[in-house]
Amino acid sequence: MNLLIALIPALGWGLNPLLISKIGGKPVNQTLGTGIGALIIGIIVQLMNHPSVSTGTFILSALSGAFWVLGQIGQYTAYGRMGVSKTMPISTGVQLIGTSVIGVLMFGEWGGVTAKVVGFAAIILMIIGVALTAVTDNSDSRAGLASGLAVLLPTTIGYWIYSALPKAVSASGMAIFFPQMLGMCLAALLYALIAGRGLSAFKERSSWLTTAAGMIFGVSALAYIFSAKANGVATAYVITQLSVVISTLGGMLILHEHKSRRELRLTLIGLVLIVVGSIMTAVL
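Counting from 1 along the sequence shown, just add 22 to a position and that's the residue number in our numbering.
What follows is the structure in structure tokens.
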């Protein structure tokens, strides 16, 4: 049962990019629907458990969720410019690298020389893995890659902050779950009003269809909290890294994103390096 719980976030976060791409719509529709869907799960959890947090923790958790939206906007935009199968390994790798470095510099993680050597070796592996998944043979694809990276890389800062802020508070994952989902929804609403130039995004069908993806994200995030408690943080975290494999392979098999034989070979090698690197950081 514990293993099944651990697989829920891997499946949910792996299949979500495929579902969102199938539904279609613009990034503003996808972001709005995701935010609303995530809040629905957050409200259900809050009503069932009634966890309480201090005002400061609530605000930091909500800010964490809001910064997640920044990262998600970049990811959704990159889907359209360079495809899911290229976006997801690059995005995941850069997230892992950034959160690992922040953990060391700000929270004193990887204590001891051995841990730091192994940790930074893992970062090097992930950097190589990201570089391999980004290799593109087609000139048109290179233009899409450059355009996608131009928005994906700077917005990944949002994911880093999303991961870092909860470490600054002394509260359980369940306690900060609702304020995080609320922050996501409020930030998504604000983005929709600005990027959608008013209420137009609220009237479009794709926005409301994407709420299903937001609910899947919320359920996956909730399952991760239970998995971390049942299996330990390291094990739970490592299993979730299967999500990048699912989304990358799904982009090719389900969304029919084409890769040359060389691109496919390098992408698979890159995925292995990213997953191995993440496992190395998780067990430190």
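Ideal Cβ placement from N, Cα and C applies to all residues, glycine included.
Can you give the beta carbon distance from residue i to residue j, rounded, assuming they're within the 8 Å contact cut?
i, j, result
"V106", "A217", "Contact flag wrong, Cβ pair sits at about 21 Å."
"G240", "A88", "Between A88 and G240 the Cβ distance is about 15 Å, and since that is not below 8 Å, they are no contact."
"S242", "P31", "4 Å"
"A28", "A258", "6 Å"
"L295", "L147", "5 Å"
"A209", "G57", "7 Å"
"G170", "T109", "6 Å"
Would residue i and residue j be called neighbours here (beta carbons separated by less than 8 Å)?
i, j, result
"S122", "Q97", "no"
"F200", "V67", "yes"
"G236", "G55", "yes"
"I198", "V260", "no"
"R164", "T158", "yes"
"T77", "V191", "no"
"V116", "T177", "no"
"K189", "F129", "yes"
"G299", "G133", "no"
Please classify residue i as buried or exposed, where buried requires at least 16 neighbouring CB atoms within 10 angstroms.
i, result
"S282", "exposed"
"G292", "buried"
"T99", "buried"
"M203", "buried"
Using the three-state DSSP reduction, which class does residue i fall into: helix, strand or coil?
i, result
"R219", "coil"
"Q117", "helix"
"A193", "coil"
"L306", "coil"
"T79", "helix"
"G47", "coil"
"I276", "coil"
"P111", "helix"
"G299", "helix"
"M70", "helix"
"Q52", "helix"
"S265", "helix"
"M23", "coil"
"S86", "helix"
Inset, instruction - At 4 residues or longer, and completely inside the region 197-251: list those alpha helix (DSSP H) runs for me, N to C. - result: Segments of the alpha helix (DSSP H) lying fully in the region 197-251: 227-231.
Inset, instruction - Entirely within the region 122-187 and at least 4 residues each: give me those alpha helix (DSSP H) ranges in chain order. - result: Counting whole runs of 4 or more residues, the region 122-187 contains the alpha helix (DSSP H) stretches 135-155, 161-186.
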